[in-house]
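Some notes on the structure that comes next.
Pasting the structure below:
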């Protein structure tokens, strides 16, 4: 009897039930609710769908504000070279460029979250403070001696052939707070991974809270001018430059009679989410107004992504012509960012220039048809 007892006791830990993902998630949420202030050093390493690799690192100070509708917190984040700072104070967002002694300020609430795309702001990952499972389709869990690895499965975006989407949180067993995040998806056979890892974490310690009552930027700094936008706005009222109609294979396309036509140019790239998301809207306008004289050209420049673009176009079938751009077109239209929309009236005069989908596009089309 004694031997049997020792044997059973020795193996008892092996038959304890494993913790379920939902149980760990609940514990993480409870731990995050205790957060007031957080300071950490974050390293970010990304592999983009374009094949490009980028890395950045620096310090972030986060103060929880449960009433904030944008992030649920305020933050100050600085890249480790000291040149770039991004700041969100609950009302405005700022990007501060110490190199050129300039700043950008955003007050439009709909655009405030864009600050996480700026240097400094790219170090911020919201799941570190509030795990978002609102669109999850399932969970999986594994662990080692120090960490839980909670994978949150996300739905495919079948329209754009985006699959195998998930985010995986690395959770400290000691604090039950996330210390790393991997965001993964595959698009048209290409992988995108965004990886965040935070260390030297200080939680709710005295003196770590950023003082948001301080001046946002040093005295003497000037608000950055949108030089590129100014160049594009100079196109308004001028004749539309010549458009080279070249197919994906580099051969000229059959000529199109554009006399008396309203012409919309849609500059896009396959890796650009906003470009692809707005394409059905452009397609709808084309189908609606082509009989009245609207011509649309989708223009792509990055030839290394032509194969992926072909696969995407086979899926969504936009209906309007898709052509390859060239350096002359990039210069003529001061192309630095996509999506870019150019609308020319029936006389070939440019009447609209917009980086980003213009909500008044249909109104402008109707005005000039």
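Residue numbers (my numbering): 85 to 453. A virtual CB, placed ideally from N, CA and C, is assigned to each residue, including glycine.
When we look at the beta-carbon of residue 412 and count the other beta-carbons within 10 Å, is it buried (16 or more) or exposed?
Working through the chain shown from its first residue, we reach residue 412 at position 328. Exposed.
Through-space distance from residue 330 to residue 66, alpha-carbon basis
Residue 66 lies beyond the stretch modelled for the chain, which goes from 85 to 453, so this question has no answer here.
Taking DSSP as the reference, what is the three-state secondary structure of residue 156?
For the purposes of this step, residue 156 is taken as the residue at position 72 of the chain shown. Residue 156 falls in the coil class under three-state DSSP.
Residues in its own chain within less than 7 Å of residue 446 by CB, not counting five upstream and five downstream?
Position 362 of the chain shown, counting from 1, holds the residue named residue 446. Answer for residue 446: 369, listed in chain order.
So, are the CB atoms of residue 306 and residue 117 less than 8 Å apart?
For the purposes of this step, residue 306 is taken as residue 222 along the chain shown, with counting starting at 1. For the purposes of this step, residue 117 is taken as residue 33 along the chain shown, with counting starting at 1. Taking 8 Å as the Cβ cut-off, residue 306 and residue 117 do not qualify as a contacting pair.
Within a Cβ cutoff of 8 Å, which residues of the same chain sit near residue 156, ignoring the five residues on either side of it in sequence?
By one-based count along the chain shown, residue 156 stands at place 72. Within the same chain, residue 156 has close Cβ partners 148, 149, 150, 210, 213, 214.
Can you give me the C-alpha to C-alpha distance between residue 371 and residue 134, rounded to a whole angstrom?
For the purposes of this step, residue 371 is taken as residue 287 along the chain shown, with counting starting at 1. For the purposes of this step, residue 134 is taken as residue 50 along the chain shown, with counting starting at 1. Their Cα atoms are separated by approximately 31 Å.
CA-to-CA distance, residue 328 to residue 208, given in whole angstroms
Position 124 of the chain shown, counted from the first residue, corresponds to residue 208. Position 244 of the chain shown, counted from the first residue, corresponds to residue 328. When rounded, the distance between both Cα atoms is 42 Å.
Whose C-beta lies closer than 7 Å to the C-beta of residue 250 among residues of the same chain, with five residues either side of it excluded?
Locating residue 250 in the chain shown gives position 166, where the first residue counts as 1. 235, 236, 237, 238, 268, listed in sequence order.
Whose C-beta lies closer than 7 Å to the C-beta of residue 323 among residues of the same chain, with five residues either side of it excluded?
Taking the first residue of the chain shown as 1, we reach residue 323 at position 239. Around residue 323: 432, 433.
Which same chain residues, not among the five before or five after residue 130, have their C-beta less than 6 Å away from its C-beta?
The residue labelled residue 130 in the question sits at position 46 within the chain shown. Excluding positions up to five away in sequence, the list reads 138, 278.
Measure the C-alpha to C-alpha separation of residue 348 and residue 174 and round it to an integer number of angstroms.
Taking the first residue of the chain shown as position 1, residue 348 is located at position 264. Taking the first residue of the chain shown as position 1, residue 174 is located at position 90. If you take the alpha carbons of residue 348 and residue 174, they lie about 38 Å apart.
Is it buried or exposed, residue 104, if we count other Cβ atoms within 10 angstroms and call 16 or more buried?
As a first step, residue 104 must be located in the chain shown, where it is residue number 20. Label assigned to residue 104: exposed.
Would residue 170 and residue 125 be called neighbours here (beta carbons separated by less than 8 Å)?
Here residue 170 is taken as the residue at index 86 of the chain shown, counted from 1. Here residue 125 is taken as the residue at index 41 of the chain shown, counted from 1. Not a contact, by the Cβ cut-off of 8 Å.
By how many angstroms is the C-alpha of residue 317 removed from the C-alpha of residue 441?
Translated into positions along the chain shown, residue 441 becomes position 357. Translated into positions along the chain shown, residue 317 becomes position 233. About 15 Å.
Pick from 340, 233, 309 that is closest to residue 180, judged by C-alpha positions:
Working through the chain shown from its first residue, we reach residue 180 at position 96. When each option's Cα is compared against that of residue 180, the closest is 309.
Using the Cβ count rule (16 or more neighbours within 10 Å means buried), how would you classify residue 275?
Taking the chain shown and counting its residues from 1, one reaches residue 275 at position 191. Label assigned to residue 275: exposed.
Looking only at its chain, what residues have a beta carbon closer than 6 Å to the beta carbon of residue 127, apart from the 5 residues adjacent to it on each side?
Numbered from 1 along the chain shown, position 43 holds the residue referred to as residue 127. Cβ neighbours of residue 127 beyond the five flanking positions: 141, 281.
Cβ atoms of residue 146 and residue 114: under 8 Å apart, would you say?
Along the chain shown, one-based indexing puts residue 114 at 30. Along the chain shown, one-based indexing puts residue 146 at 62. Against a cut-off of 8 Å, the Cβ pair of residue 146 and residue 114 comes out as no contact.
Report the CB separation of residue 429 from residue 437 in whole angstroms; it is logged as a contact under 8 Å.
Residue mapping note: residue 429 aligns to position 345 of the chain shown, counting from 1. Residue mapping note: residue 437 aligns to position 353 of the chain shown, counting from 1. Going by Cβ atoms, the distance from residue 429 to residue 437 rounds to 13 Å, so no, they are not a contact pair.
Simplified DSSP assignment, three categories, for residue 367
As a first step, residue 367 is located in the chain shown; it is residue number 283 there, counting from the start. Residue 367 carries a helical assignment under DSSP once its states are collapsed to helix, strand and coil.
Output needed for residue 273: all residues of its chain with C-beta closer than 8 Å, excluding positions within five of it in sequence on either side, in chain order.
Within the chain shown, numbered from 1, the residue matching residue 273 stands at position 189. Same-chain partners within the cutoff: 392, 395.
At a cut of 8 Å, does the stretch 378-385 reach the stretch 348-361 through at least three beta carbon pairs?
yes
Between which residues of its own chain and residue 255 is the CB-CB distance below 8 Å, once the five residues before and five after are set aside?
Taking the first residue of the chain shown as position 1, residue 255 is located at position 171. Taken in chain order, the residues that qualify are 108, 112, 231, 232, 233, 234, 261, 262, 263.
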